[in-house]
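Student: Just so it is clear: in the sequence shown, position 309 is 309 by UniProt numbering, and no numbers are missing.
Take this structure, written in structure tokens, and hold onto it; I'll ask about it next.
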Amino acid sequence: MLKSVGLWPKGDESYGRNLYTLYAIVMVAGLQYTHVFFQTVNLYFVKDDLKAVTGTIFILLTDIGASLKIYCLMKNMKMLKQLIITLNCDLFQPKNLHQRKLIQPNLNSWTMFFWVFWILALGCLFFWSLFPILDRTVKDYRLPFLAWYPFDYRKTPTYQMAYVHQILGITFTAISNDNIDNLIAILNMYIGAQFDILCDNLKNIFDKDAPADTDKKLKGCVHHHKEIFKFAEEANTFYNWLLFVQFFVGGISLGLAMFQLTVVVPFSREFYSFVIYENAVLVEVFMYCWFGNETEVKSSKVPYAVFESDWTGLSPDIKKNLVIFVSRVRRPLQISTFGLFFLSLETFVRILRTAWSYIALLRQVNSPQ
């Protein structure tokens with residue numbers, strides 16, 4: 001899907017001087033950045049109306065966040081393609097049917113998040129795109145989103161042009177944002193899956209039928225562990241800014257969306273659109289934190305996997321090497337954003353607390369004196 005919107009050059013290529021790059025520029029600038037620009041300018045005209053400001057900012061932040069994600073993706077496309085090549089190498093592949101079954105639950109979890117996230121995103125698209133029609137405000141020339149245009153859109157055919165532009169813009173945002181988020185989630189999922197494979201290799205490091213291969217297997221496990229950390233570091237470098245943008249935008253958007261629920265008519269079409277949007281952001285942030293937390297948990301199991309092996313029958317030299325290996329893998333792998341915070345369930349709870357503090361502040365400001 002990223003390819004269809006200009007965000008995935010063919011094969012292992014990055015962006016270059018070709019027609020696809022031109023297509024990507026037209027799509028991003030024409031649909032994404034203009035959509036953000038017109039909403040941003042509108043803030044100046046509604047700056048004295050708190051409800052209108054929050055109603056504009058909560059979706060504008062999502063659009064700005066998606067714009068920054070798109071920029072980071074396009075800028076680091078070469079790095080991302082290299083990460084995918086690394087994942088496809090023999091070292092990172094399951095070695096037998098048991099290991100394939102071992103990592104299947106990880107894929108099932110990601111698939112579940114993928115579909116839940118997309119269903120919520122499609123729900124948001126449906127309500128936002130058709131809200132003026134369902135609410136019968138289309139006759140008043142109401143657009144799906146508050147925005148300023150350099151022409152009078154309250155007449156035909158400029159109204160239809162502005163309406164279609166907003167629908168195309170938010171659809172582009174949904175496709176790009178959702179796929180980028182799922183891409184980062186699956187990278188973290190694969191990192192966690194690598195630790196599952198490594199732990200299985202360590203548990204079966206001693207083979208009674210081929211005891212001479214134990215030292216070779218141990219060296220392979222050491223190399224695998226180093227490569228996992230190297231891959232995780234490179235992946236973390238790729239999406240550092242993406243994570244920072246997501247958590248900053250996600251926390252504020254949750255607070256603003258919850259505030260909007262307190263000022264719109266309960267159980268109206270607009271109310272349900274905010275409920276779906278809020279759940280979509282919750283799933284989006286939770287997906288990041290879940291797979292980041294899973295990576296930390298699974299990496300912490302590596303030392304214990306060594307002791308689950310049949311290590312008592314190993315030679316003193318190999319036992320010594322195992323002790324050294326265990327001492328060096330005690331520190332679990334943590335995915336972070338510039339070292340400011342880690343992807344974990346604890347971070348998810350902190351984001352929810354931050355969002356609640358935003359809604360408390362906005363309700364206090366909006367309450368009658």
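Glycine residues also receive a C-beta, built at the ideal position from the N, C-alpha and C atoms.
Note that the structure is a prediction, hence the values are computed from the model and not measured.
Locate the alpha helix (DSSP H) running through K51, then write down its first and last residues.
Tutor: If you number the sequence shown from 1, residue 51 lands on position 51. Per DSSP, K51 belongs to the alpha helix (DSSP H) from L50 to K75.
Student: With a Cβ-Cβ cutoff of 8 Å, do E278 and L254 count as a contact?
Tutor: Translated into positions along the sequence shown, residue 278 becomes position 278. Translated into positions along the sequence shown, residue 254 becomes position 254. Yes.
Student: Going by DSSP in three states, S336 sits in which element: helix, strand or coil?
Tutor: Here residue 336 corresponds to residue number 336 of the sequence shown, with the count starting at 1. Of the three classes helix, strand and coil, the one that applies to S336 here is strand, per DSSP.
Student: Any beta-carbon of chain D closer than 8 Å to the one on D135?
Tutor: In the structure shown, chain D cannot be found, because there is only a single protein chain.
Student: Looking only at C-alpha atoms, which of L146, I167, Y141 and H165 sits nearest to T156?
Tutor: Counted from its first residue, the sequence shown places residue 156 at position 156. Here the closest residue by C-alpha is Y141.
Student: Is the beta carbon of L7 less than 8 Å from the beta carbon of L73?
Tutor: For the purposes of this step, residue 7 is taken as residue 7 along the sequence shown, with counting starting at 1. For the purposes of this step, residue 73 is taken as residue 73 along the sequence shown, with counting starting at 1. Yes, these two residues count as a Cβ contact at 8 Å.
Student: Skipping 5 residues on each side, what residues in its chain have a beta carbon closer than 6 Å to that of K51?
Tutor: The sequence position of residue 51 within the sequence shown is 51, counting from 1. These residues qualify, in order along the chain: V263.
Student: In whole angstroms, what separates the C-alpha of R330 from that of F131?
Tutor: Along the sequence shown, one-based indexing puts residue 330 at 330. Along the sequence shown, one-based indexing puts residue 131 at 131. Cα to Cα, the separation comes out at about 54 Å.
Student: For the stretch 1–34, list the alpha helix (DSSP H) runs that are entirely contained and at least 4 residues long, ordered along the chain.
Tutor: As far as the stretch 1–34 is concerned, its whole alpha helix (DSSP H) runs of at least 4 residues are 19–27.
Student: Apart from the five residues on each side of it in sequence, which residues of its chain come closer than 6 Å, Cβ to Cβ, to F127?
Tutor: As a first step, residue 127 is located in the sequence shown; it is residue number 127 there, counting from the start. Around F127: S273.
Student: Could you please give the first and the last residue of the uninterrupted alpha helix (DSSP H) stretch that includes A185?
Tutor: Taking the first residue of the sequence shown as position 1, residue 185 is located at position 185. T158 to K203 is the extent of the alpha helix (DSSP H) around A185.
Student: Which parts of the stretch 206–277 are runs of the alpha helix (DSSP H), unbroken and 4 residues or longer, counting only runs that do not cross its ends?
Tutor: Listed in chain order, the complete alpha helix (DSSP H) runs (minimum 4 residues) inside the stretch 206–277 are 214–263.
Student: In whole angstroms, give me the CA-to-CA distance for T337 and A235.
Tutor: Taking the first residue of the sequence shown as position 1, residue 337 is located at position 337. Taking the first residue of the sequence shown as position 1, residue 235 is located at position 235. Their backbone Cα atoms lie some 11 Å apart in a straight line.
Student: What did DSSP end up calling F151 once you bin it into helix, strand or coil?
Tutor: Locating residue 151 in the sequence shown gives position 151, where the first residue counts as 1. Coil, per DSSP.
Student: Sort S299, Q364, T62 and V245 by Cα distance to L340 and report the nearest one.
Tutor: Translated into the one-based positions of the sequence shown, residue 340 becomes position 340. Of the listed residues, the one whose Cα sits closest to L340 is V245.
Student: Please look up how many angstroms separate the CB atoms of L125 and T171, rounded, as I've assumed it's under 8 Å.
Tutor: By 1-based counting over the sequence shown, the position of residue 125 is 125. By 1-based counting over the sequence shown, the position of residue 171 is 171. Contact holds; Cβ gap of about 6 Å.
Student: Which value, in whole angstroms, describes the spacing of the CA atoms of F291 and P150?
Tutor: Here residue 291 refers to the residue found at position 291 when the sequence shown is read from its first residue. Here residue 150 refers to the residue found at position 150 when the sequence shown is read from its first residue. About 44 Å.
Student: Would DSSP call F341 helix, strand or coil?
Tutor: Here residue 341 is taken as the residue at index 341 of the sequence shown, counted from 1. The answer is coil: DSSP assigns F341 none of H, G, I, E or B.
Student: Let's see if you can read the secondary structure: which residues bound the alpha helix (DSSP H) around G123?
Tutor: What you label residue 123 is simply residue 123 of the sequence shown in a count that begins at 1. G123 -> alpha helix (DSSP H) spans L97 to L134.
Student: Taking the alpha carbon of N321 as the reference point, which residue from Q334, I335, M27 and V306 has its own alpha carbon closest?
Tutor: As a working note, residue 321 is residue 321 in the sequence shown. N321 has its Cα closest to that of V306, out of Q334, I335, M27 and V306.
Student: Assign S309 to buried or exposed, taking buried as 16 or more other Cβ atoms, counted over all protein chains shown, within 10 Å of its Cβ.
Tutor: Translated into positions along the sequence shown, residue 309 becomes position 309. Per the 10 Å Cβ criterion, buried.
Student: Buried or exposed for E284, please, with buried defined as at least 16 other CB atoms from any protein chain shown within 10 angstroms of its CB.
Tutor: To locate residue 284, count along the sequence shown from 1; it is residue 284. With 16 or more other Cβ atoms within 10 Å, it is buried.
Student: How many Å lie between I103 and Y288 at the Cα?
Tutor: Taking the sequence shown and counting its residues from 1, the one referred to as residue 103 is at position 103. Taking the sequence shown and counting its residues from 1, the one referred to as residue 288 is at position 288. In a straight line, the C-alpha of I103 is about 18 Å away from that of Y288.
Student: Would you call S67 buried or exposed, if buried means 16 or more other Cβ atoms sit within 10 Å of its Cβ?
Tutor: To locate residue 67, count along the sequence shown from 1; it is residue 67. That one is buried.
Student: How is F45 classed by DSSP in three states: helix, strand or coil?
Tutor: By one-based count along the sequence shown, residue 45 stands at place 45. In the structure shown, F45 sits in a helix (DSSP, three-state: H, G or I).
Student: So for R142, helix, strand or coil by DSSP?
Tutor: Within the sequence shown, numbered from 1, the residue matching residue 142 stands at position 142. Reduced to three states, the DSSP call for R142 is coil.
Student: Could you pull out every residue in the same chain whose Cβ sits closer than 7 Å to the Cβ of I85, ignoring the five residues on either side in sequence?
Tutor: Along the sequence shown, one-based indexing puts residue 85 at 85. Cβ neighbours of I85 beyond the five flanking positions: D12.
Student: Please state the DSSP three-state secondary structure of Q39.
Tutor: Here residue 39 refers to the residue found at position 39 of the sequence shown. Q39 falls in the helix class under three-state DSSP.
Student: Just to confirm before moving on: does the CB-CB distance between Q166 and L143 stay below 8 Å?
Tutor: Residue numbering aside, residue 166 sits at position 166 when the sequence shown is read from its first letter. Residue numbering aside, residue 143 sits at position 143 when the sequence shown is read from its first letter. Contact: yes.
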